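Worksheet: the structure to be examined is printed underneath.
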Amino acid sequence: MRRMMYEAQRSLATPSRNPRMAVVIGRLLGVAFIVCFGTGVYSHFLQEPLPWMRFPTRPALLYQFSQGTHIVAGIACFPLLLAKLYIVFPELFASPPVKSFLHLLERASIALFVGASLVQITIGLLNTYQWYPWPFPFREVHYALGWVLVGLLVLHIGIKLPIITRFWSARHEAEREATDAAGATEAPGAADAEAARLEAVRLWGSRRPSGVTGRLLAWIDATPAAPTSVSRRGFLTAVGIAGAAVVGLTAGQTFAPLDALNVFGPRKKGVGQQGVPVNRTAQKAGVTASATAAGWALTLAAGGVERSFSRAELEAMPQTEVELPIACVEGWSQLAVWRGVRLRDLADLVDADPDASFRLTSLEQRGSFRRTQMGPEYVRDPLTLVALELNGETLDLQHGYPARMIAPGRPGVLQTKWLSRIEAITA
Ligand code: HEM
Ligand SMILES: Nc1nc2c(c(=O)[nH]1)N[C@H]1C(S)=C(S)[C@@H](COP(=O)(O)O)O[C@H]1N2
Ligand SMILES: [Mo]
Numbered sequence: 119m120r121r122m123m124y125e126a127q128r129s130l131a132t133p134s135r136n137p138r139m140a141v142v143i144g145r146l147l148g149v150a151f152i153v154c155f156g157t158g159v160y161s162h163f164l165q166e167p168l169p170w171m172r173f174p175t176r177p178a179l180l181y182q183f184s185q186g187t188h189i190v191a192g193i194a195c196f197p198l199l200l201a202k203l204y205i206v207f208p209e210l211f212a213s214p215p216v217k218s219f220l221h222l223l224e225r226a227s228i229a230l231f232v233g234a235s236l237v238q239i240t241i242g243l244l245n246t247y248q249w250y251p252w253p254f255p256f257r258e259v260h261y262a263l264g265w266v267l268v269g270l271l272v273l274h275i276g277i278k279l280p281i282i283t284r285f286w287s288a289r290h291e292a293e294r295e296a297t298d299a300a301g302a303t304e305a306p307g308a309a310d311a312e313a314a315r316l317e318a319v320r321l322w323g324s325r326r327p328s329g330v331t332g333r334l335l336a337w338i339d340a341t342p343a344a345p346t347s348v349s350r351r352g353f354l355t356a357v358g359i360a361g362a363a364v365v366g367l368t369a370g371q372t373f374a375p376l377d378a379l380n381v382f383g384p385r386k387k388g389v390g391q392q393g394v395p396v397n398r399t400a401q402k403a404g405v406t407a408s409a410t411a412a413g414w415a416l417t418l419a420a421g422g423v424e425r426s427f428s429r430a431e432l433e434a435m436p437q438t439e440v441e442l443p444i445a446c447v448e449g450w451s452q453l454a455v456w457r458g459v460r461l462r463d464l465a466d467l468v469d470a471d472p473d474a475s476f477r478l479t480s481l482e483q484r485g486s487f488r489r490t491q492m493g494p495e496y497v498r499d500p501l502t503l504v505a506l507e508l509n510g511e512t513l514d515l516q517h518g519y520p521a522r523m524i525a526p527g528r529p530g531v532l533q534t535k536w537l538s539r540i541e542a543i544t545a
């Protein structure tokens with residue numbers, strides 16, 4: 119059995135499978151996880167604020183940027199995680215499998231870490247395609263796993279600290295070179311490594327790239343003259359190309375300059391009524407009749423005061439034009455020009471408390487976005503509008519006609535369409 123495990127490890131040995139490569143990729147993966155966690159938690163609290171929480175309303179593109187970054191970093195996790203698993207795969211066959219109780223705990227925590235990571239990035243990605251082939255609620259599970267992963271990441275870094283410091287501290291440079299040299303001659307599978315190297319030379323050539331890339335590779339590969347360097351370089355190049363491809367071919371759904379390359383992103387800029395993608399249609403929301411009814415009016419309520427406004431009355435009030443994005447939690451976003459009545463003007467007409475939060479209710483009868491909440495920082499912001507027009511035309515039914523909310527720095531889910539009632543919440 120022991121022999122079999124050893125043989126398995128031996129046959130899997132290749133130059134790119136070494137602790138330093140594990141650290142290099144692991145570091146990038148750690149950064150991507152932390153970026154995902156930070157932007158994810160921000161998105162979470164925007165949607166479910168604790169009572170005392172207030173959020174910045176500038177830059178107006180903040181959420182577009184933070185959630186776009188979440189999806190980009192999340193997508194980059196795919197090639198990085200696969201690369202990392204590739205590198206450490208032979209560890210699966212380590213023998214003896216368990217050396218001590220502590221070692222058992224270490225291996226169990228890593229198994230959990232790998233499993234949870236794969237689930238997290240898979241459900242995240244499928245969510246951006248609005249595909250939910252699982253029986254649990256996405257947001258709750260994705261949120262909980264976010265905390266689990268950060269906990270396991272800290273634990274993992276703690277456990278691996280000896281390896282990490284050995285390969286990153288300049289003070290241990292000499293020691294590192296010594297272990298490398300020993301590893302090159304004594305490691306099991308050295309012959310296989312040599313074969314892999316020759317194959318890599320055939321595939322990638324032995325020329326070293328110039329410029330920044332060359333210097334970066336030289337830095338990563340502390341032994342540039344060593345025969346194994348080419349294959350390591352080839353591996354990193356492959357991971358780099360895979361990462362650039364998956365990110366480059368989707369990031370355009372958020373970051374406009376990359377739009378032309380947006381091949382796999384679930385949404386495309388400019389496609390949809392009035393040049394803006396539509397998330398939930400009026401038909402699906404079941405509001406076609408109520409939204410086009412002649413008697414529609416928007417009701418504002420605060421304290422005991424309640425006033426209703428027809429669309430004509432809203433159109434007769436002072437109008438403001440703003441440029442703000444719809445920035446969906448799913449990662450796509452689209453900048454657009456909106457025109458309508460400032461929410462704070464309407465709030466003043468019903469003498470709402472300046473510190474009051476508002477509750478927005480849609481004509482929609484069911485659905486989780488039928489009711490949303492807005493803190494005073496958004497209510498009082500001069501860019502927050504009850505929008506009546508989009509890109510120079512009457513707001514399309516699909517975009518929330520007769521009136522929808524648009525505010526700076528908020529997730530798309532909170533930009534309530536087909537408004538029917540806006541009320542101040544008294545604490
Ligand atoms: C380690 C990696 C990741 C971590 C730690 C993470 C963490 C989070 C957290 C904490 C949230 C907030 C959930 C909430 O609102 O309650 C979130 C939201 C989200 N994440 Fe991730 N995430 C990761 C990877 C990904 C990936 C790979 C994707 C997709 C490519 C993704 C897509 C999303 C989406 C679409 C949301 C918005 C959910 C919603 O509000 O409906 N995430 N993420
Ligand atoms: N009433 C209502 N408003 C809604 C939604 C909804 O389902 N119902 N979807 C939200 C989501 S998730 C997004 S991203 C934006 C999309 O706006 P658009 O369809 O005009 O682009 O509307 C938001 N407003
Ligand atoms: Mo959305």
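Going from the sequence shown to the working numbering is simple: count from 1 and add 118. Beta carbons: idealized from backbone N, C-alpha and C, even for Gly. As the structure is a prediction and not an experimental result, all values here were calculated from the model.
Contact under 7 Å by Cβ, residue i with residue j
i	j	result
Ala445	Gly530	yes
Val394	Gln437	no
His188	Gly144	no
Gln371	Gly449	yes
Ile205	Met122	no
Leu442	Ala150	no
Leu501	Val468	no
Ile543	Arg488	no
Val190	Ala369	yes
Gln392	Asp466	no
Val365	Ala194	yes
Leu198	Leu147	yes
Ala521	Val497	no
Tyr519	Ala409	yes
Arg528	Tyr181	yes
Cα-Cα separation, residue i to residue j
i	j	result
Met435	Val459	7 Å
Ser349	Phe155	33 Å
Glu424	Ala262	41 Å
Ala305	Pro526	Note that Ala305 has pLDDT 45, beneath the 50 cutoff, so the model's placement of it is unreliable and the number below is only indicative. So the alpha carbons of these two residues sit roughly 58 Å apart.
Met534	Thr479	Rather than Met, the amino acid found at residue 534 in this sequence is Thr. Cα-Cα distance, rounded: 8 Å.
Arg457	Ala201	48 Å
Arg135	Leu220	25 Å
Ala360	Ala229	25 Å
Arg320	Ala356	Since pLDDT at Arg320 reaches only 41, below the 50 mark, its modelled position is unreliable, and the value read off the structure follows with that caveat. For Arg320 and Ala356, the distance between alpha carbons rounds to 15 Å.
Leu203	Val216	19 Å
Thr346	Glu209	In this prediction, Thr346 has a pLDDT of 49, which is less than 50 and means its spatial position is unreliable; what the coordinates show is noted afterwards. Taking the straight line joining both Cα atoms gives about 20 Å.
Leu481	Ala415	11 Å
Val405	Trp536	8 Å
Asp499	Arg176	10 Å
Ala340	Met171	With a pLDDT of 46 at Ala340, under the threshold of 50, the predicted position of this residue should be treated as unreliable, though the coordinate-derived value follows. Rounded to whole angstroms, Ala340 to Met171 spans 48 Å at the Cα level.
Gln516	Gly358	40 Å
Leu271	Phe196	17 Å
Trp252	Pro472	43 Å
Asp463	Gly510	22 Å
Ala212	Arg128	10 Å
Pro327	Pro375	Bear in mind that the predicted position of Pro327 carries a pLDDT of just 49, short of 50, making it unreliable; the figure below should be weighed with that in mind. Answer to the nearest angstrom: the Cα atoms are 27 Å apart.
Leu379	Gln185	19 Å
Gln491	Leu222	47 Å
Pro214	Phe231	21 Å
Ile239	Phe254	15 Å
Pro494	Gly264	29 Å
Asn245	Ala403	20 Å
Glu541	Arg257	27 Å
Gln165	Ala226	34 Å
Leu130	Tyr124	10 Å
Gly276	Gly352	30 Å
Phe183	Arg120	52 Å
Best match in the options for proximity to residue i [C-alpha to C-alpha]
i	options	result
Met523	Leu461, Ser475 and Ala131	Leu461
Val266	Tyr181, Ser218, Phe353 and Ile152	Ile152
Phe285	Gln491, Ala470, Val142 and Asn509	Val142
Glu224	Asp471, Arg539, His274 and Gly148	His274
Val447	Tyr247, Lys387 and Ser227	Tyr247
Ser615	Gly186, Leu354, Val268 and Glu439	An answer regarding residue 615 cannot be provided, because it is not within the stretch 119 to 545 covered by the chain.
Thr512	Tyr496, Arg351, Ala430 and Ser486	Ala430
Val259	Ala474, His162, Asp377 and Glu507	His162
Ile281	Tyr124, Val504 and Pro137	Pro137
Gly421	Ser218, Trp249, Ala474 and Arg484	Ala474
Asn397	Ile239, Gly485 and Ser426	Gly485
Ala126	Phe207, Gln483 and Ala226	Phe207
Legend entry - ligand 3 site residues, beta-carbon cut 6 Å against heavy atoms: Here the residues come out as Asn397, Cys446, Val447, Glu448, Gly530 and Val531.
Legend entry - Complete alpha helix (DSSP H) runs within the stretch 437-516 (minimum length 4 residues, chain order): The stretch 437-516 contains these whole alpha helix (DSSP H) runs: 461-467 and 494-497.
Legend entry - Sequence ranges, beta strand (DSSP E) only - wholly within the stretch 384-410, length at least 3: Secondary structure remark: continuous beta strand (DSSP E) runs of at least 3 residues inside the stretch 384-410: none found.
Inset, instruction - Ignoring anything shorter than 4 residues or poking outside the stretch 123-178, list the alpha helix (DSSP H) runs there in chain order. - result: If we require 4 residues or more, the alpha helix (DSSP H) runs fully inside the stretch 123-178 come out as 137-165.
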